[in-house]
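Numbers 2 to 558, taken from my numbering, label the letters of the sequence shown in order.
Glycine is no exception: its CB is placed at the ideal position from the N, C-alpha and C atoms.
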Amino acid sequence: MYKRIITFVSLICISATISTTAFAVEQQAGVAMPDSYSADVAASILSKGGNAVDAAIAAQFVLAVTLPEAGNIGGGGFMLVHTDKQDDFIDYREVAPLKGHRDMYLDDKGNVIDNKSVFGVLSAGVPGTVAGMWLAHKKYGSLPWKSLLEPAVVLAEKGFVVHPKLAKNVSWYLDYLQKKDIKVNFAEFFGAMKAGEVFKQPVLASSLQRIRDEGSDGFYKGKTADIIVNFMKQQGGLISHQDLAQYQAVSRKPISQPWQGYQVLTSPPPSSGGIAILQWLNMYQQLAPSKGEAALVHNSKEYVHLLSEIGKRVFADRADYLGDPDFYPVPVKQLLDENYLKKRAGDVDLLAISTTEQVKPGLYESEDTTHFSIVDKWGNAVANTTTINLTFGSGVVVPEAGFILNDEMDDFSAKPGVANAFGALGGKANEIQPRKRMLSSMTPTILLKDKQVALVTGSPGGTTIISSVYQSILNVTEFGMSADEAVNSPRFHHQLYPENVIRHHSGLKSEDKKALQQMGYTLDNRHFGDVHLIINENGKLDAGSEAHGRGKALVLR
Ligand code: DON
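Here is the structure:
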């Protein structure tokens, strides 16, 4: 493929850490985003000479306005960055408040109290998004911070046109709150949204203006911090001035492992996703019959069964060994050790389901999040997944600040053996402690080939994120799919519990479904995830956004 060597001199980009200087190799740029507003803004930042991180920061704030199900300033996330100089994982995950404690969701008898970690102020962790974007900008930004915030301020102030899928989500959520008699203030702020009509958020616009003008301090200190803390006091919440002032986004080393001629860059703990996808890919490679006649057919009964068996082992490890590495010694090396994974794969029966009880951790004996992928013309890439946990988070809007609070505390293990909203189990490694990050499944991932970005991917979907991500990788690398095919091809998910249940998209062949049922699987047909993926073949990009959502992918010539 022809690569143009150009003499690129950018006056604006001189201070950027990312390579945007003379003799950089220019290629196509591309974005795969969860809605059209974020796609258009990201594309416009790239065409003004901004780099992938600039575009990501602007998009993140736009999504806080136009995608209230998951876009946020009241939540957190992970940003994986690849540049020609370094790889970086900006961890802006929420943390438990200082007053949080292990048993905060248990009653007198030690039972988990329904919904307490999912709705209302007590379900919120200390938000990390603004600090995360601020850190990303400090390290990699090339355009002024204010210019990156401006599009979001304008969309909040002047309004945006509500997509029918957003209106549908709002009305579903309002019904749900009513049916379950959940008392939160969501309806007061978002109840008026109507498909096709302009929706304005002046209060959110003021909060975004403070972030625009004062940077990170415009959220964690001063007026916004006072508003949050006063609201917490009023409502019996825990987040204090000290929590906000002490919050820090951190840079971590991404997990980086070779696999099938690629270098996989992916998410380290407190994400469980990077370890999980590498375990999955590694065991798949060991167990899948090699190419040729014996090769597995995509989404066949054999393929679904094999990956489900691997999934059981991956999720057994996740439950026991994974948590915030600043609080718990996560055995990353051991979990990814070649010999360990060989042994682990050794007892998979390609023809029969293993008994769930036999699958123990191996070592020592509605829903919404949102993801986007960006590649700039210099070949830098960002994979960013961000969340307030469940759709519309805690259902609580900070009234004078106009943003929705996350319900990320549910990602902790409230009690060993009791599943969270995603059916995930956990124990000591993921118990609640003050200032600890809750375990996540978010898995922004980048594959490199010969040091160039080959693929950028990620998805929402709680624990199903991991399946969406590794299947999107296999779809491209093993089955040669285009970006559109890879994101829209039916996926499936198995996570050990519930026992022998495979959740799957519509579109699996009926003979394969029948055969899986005959093997003993129960099939649960429910969509999950929203993959946004970019493939790079020698400088030529192919970007795809899943049709099920309201995403938009663009390649800029
Ligand atoms: O961090 C996590 O794993 C979850 N809080 C993500 C939630 C999510 O993806 C919800 N979306 N569908």
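Assuming D41 is part of the alpha helix (DSSP H), what are its boundary residues? In the sequence shown, counting from the first residue as 1, residue 41 sits at position 40. Looking at the DSSP string, the run of the alpha helix (DSSP H) that includes D41 is 37 to 48.
M80, enclosing beta strand (DSSP E) - first and last residue: The residue given as residue 80 occupies position 79 in the sequence shown. From DSSP, the beta strand (DSSP E) with M80 extends over 77 to 83.
Give me the residue from L64, A43, V63 with the minimum Cα distance to V54. As a working note, residue 54 is residue 53 in the sequence shown. When only C-alpha atoms are compared, the closest one is A43.
beta-carbon F606 near the ligand DON non-hydrogen atom, thresh 8 Å: Residue coverage of the chain in this structure runs from 2 to 558, which leaves residue 606 outside it and unanswerable.
What's the gap between the Cα of P128 and the Cα of S460? Along the sequence shown, one-based indexing puts residue 128 at 127. Along the sequence shown, one-based indexing puts residue 460 at 459. P128 and S460: Cα-Cα distance of roughly 20 Å.
Span of the alpha helix (DSSP H) around D214: In the sequence shown, residue 214 corresponds to position 213, counting from 1. Where D214 is concerned, the enclosing alpha helix (DSSP H) stretches over 203 to 215.
Buried or exposed: where does K180 fall if 16 or more other Cβ atoms within 10 Å of its Cβ makes it buried? The sequence position of residue 180 within the sequence shown is 179, counting from 1. K180 should be labelled exposed.
Applying the 10 Å Cβ sphere with the 16-neighbour rule, what's the burial state of S16? If you number the sequence shown from 1, residue 16 lands on position 15. Confidence at S16 is low in this model, with a pLDDT of 34, below 50, so the placement of that residue is unreliable and no value is reported for it.
Three-state secondary structure assigned by DSSP to I467: Here residue 467 refers to the residue found at position 466 when the sequence shown is read from its first residue. Note: I467 maps to helix in three-state DSSP.
Applying the 10 Å Cβ sphere with the 16-neighbour rule, what's the burial state of Q236? Here residue 236 is taken as the residue at index 235 of the sequence shown, counted from 1. By the neighbour-count rule (16 or more Cβ atoms within 10 Å), Q236 is not buried but exposed.
Taking H138 as part of the alpha helix (DSSP H), name the residues at either end of that continuous run. Sequence index remark: in the sequence shown, residue 138 carries index 137 (1-based). Residues 130 to 141.
Measure the C-alpha to C-alpha separation of D321 and L107 and round it to an integer number of angstroms. Sequence index remark: in the sequence shown, residue 321 carries index 320 (1-based). Sequence index remark: in the sequence shown, residue 107 carries index 106 (1-based). Each residue's Cα considered, the two are about 21 Å apart.
Mind checking whether F404 and S208 have CB atoms under 9 Å apart? Residue 404 sits at position 403 when you count from the first residue of the sequence shown. Residue 208 sits at position 207 when you count from the first residue of the sequence shown. Yes; because the gap between Cβ atoms is below 9 Å, this pair is in contact.
Nearest to A384 by alpha carbon, out of E95, S143, A544? Looking up residue 384 in the sequence shown gives position 383. Checking every option, the nearest Cα to that of A384 belongs to A544.
Have a look at P152 and R211 and give me their C-alpha separation to the nearest angstrom. As a position in the sequence shown, residue 152 is number 151, starting the count at 1. As a position in the sequence shown, residue 211 is number 210, starting the count at 1. Looking at the two C-alpha atoms, the distance is approximately 14 Å.
If you drop the 5 nearest sequence neighbours on each side, which residues of the same chain put their C-beta closer than 7 Å to that of P69? To locate residue 69, count along the sequence shown from 1; it is residue 68. Cβ neighbours of P69 beyond the five flanking positions: F191, F393, I405.
Please confirm whether R211 has its beta-carbon closer than 9 Å to some beta-carbon of chain B. Going by chain labels, chain B is absent from the structure shown, which holds only one protein chain.
What's the gap between the Cα of I74 and the Cα of L150? The residue given as residue 74 occupies position 73 in the sequence shown. The residue given as residue 150 occupies position 149 in the sequence shown. Roughly 12 Å separates the two Cα atoms.
Compare the beta carbon distance of Q285 and L448 with 9 Å and say whether it is the shorter of the two. In the sequence shown, counting from the first residue as 1, residue 285 sits at position 284. In the sequence shown, counting from the first residue as 1, residue 448 sits at position 447. The residue asked about is misnamed: residue 285 is Tyr in this sequence, not Gln. Their beta carbons are not under 9 Å apart, which means Y285 does not touch L448 by this criterion.
Check A25 in the structure and name its three-state DSSP category. Here the question's residue 25 lines up with position 24 in the sequence shown. Any reading at A25 is ruled out, since the residue's pLDDT is 48, under 50, leaving its predicted position unreliable.
Please determine whether the Cβ atom of E409 lies at a distance below 8 Å from any heavy atom of the ligand DON. Translated into positions along the sequence shown, residue 409 becomes position 408. Under cutoff, so the answer is yes.
Measure the alpha-carbon distance for G521 versus D531 and round it to whole angstroms. Here residue 521 is taken as the residue at index 520 of the sequence shown, counted from 1. Here residue 531 is taken as the residue at index 530 of the sequence shown, counted from 1. Looking at the two C-alpha atoms, the distance is approximately 29 Å.
Considering only the alpha carbon of each residue, which of G481, D412, I467 lies closest to E95? Here residue 95 is taken as the residue at index 94 of the sequence shown, counted from 1. If we check each option's Cα against that of E95, D412 comes out closest.
Residues near L542 by beta carbon distance below 8 Å, same chain, minus five either side: Taking the sequence shown and counting its residues from 1, the one referred to as residue 542 is at position 541. The answer, listed in chain order, is Q28, Q29, A30, G31, V376, I535, I536, V556.
Helix, strand or coil: how does DSSP classify K234 here? Locating residue 234 in the sequence shown gives position 233, counting from the first residue. Residue state, collapsed to three classes: helix.
Residue from N431, E538, N116, R504 whose Cα sits closest to the Cα of L524: Residue mapping note: residue 524 aligns to position 523 of the sequence shown, counting from 1. Nearest C-alpha to L524: R504.
Coarse secondary structure for M482, derived from DSSP in three states: Walking along the sequence shown from the start, residue 482 turns up at place 481. Correct three-state label for M482: coil.
Between which residues of its own chain and G223 is the CB-CB distance below 8 Å, once the five residues before and five after are set aside? Residue mapping note: residue 223 aligns to position 222 of the sequence shown, counting from 1. Contacts found: R211, E215.
Could you work out which residue in V457, K515, F90 is closest to T446 when comparing CA atoms only? Here residue 446 corresponds to residue number 445 of the sequence shown, with the count starting at 1. It is V457.
Same chain, Cβ closer than 6 Å to F316, neighbours up to 5 away in sequence not counted: The residue labelled residue 316 in the question sits at position 315 within the sequence shown. Cβ neighbours of F316 beyond the five flanking positions: Q496, L497.
Who are the near neighbours of G481 in its chain, counting only those whose CB is closer than 6 Å to its CB and skipping five residues on each side? To locate residue 481, count along the sequence shown from 1; it is residue 480. Excluding residues within five positions, none has a Cβ falling inside 6 Å.
So which of A402, T84, I114 has the shortest CA-CA distance to I228? The residue given as residue 228 occupies position 227 in the sequence shown. For I228, the nearest C-alpha among the options comes from A402.
Return yes when the C-beta of A71 is under 8 Å from any heavy atom of the ligand DON, and no when it is not. If you number the sequence shown from 1, residue 71 lands on position 70. Checking the Cβ of A71 against the ligand DON gives yes.
Leaving out five residues on either side along the sequence, give the residues of the same chain with a beta carbon under 6 Å from the beta carbon of D36. Position 35 of the sequence shown, counted from the first residue, corresponds to residue 36. Closer than 6 Å at Cβ, skipping near neighbours: T67, L68, R551.
Sub-9 Å separation of L47 and A33 beta-carbons: The residue you call residue 47 lines up with position 46 of the sequence shown. The residue you call residue 33 lines up with position 32 of the sequence shown. Going by C-beta atoms, L47 is not nearer than 9 Å to A33.
Minimum length 3: unbroken beta strand (DSSP E) runs contained in the stretch 406 to 464: 446 to 450, 453 to 458
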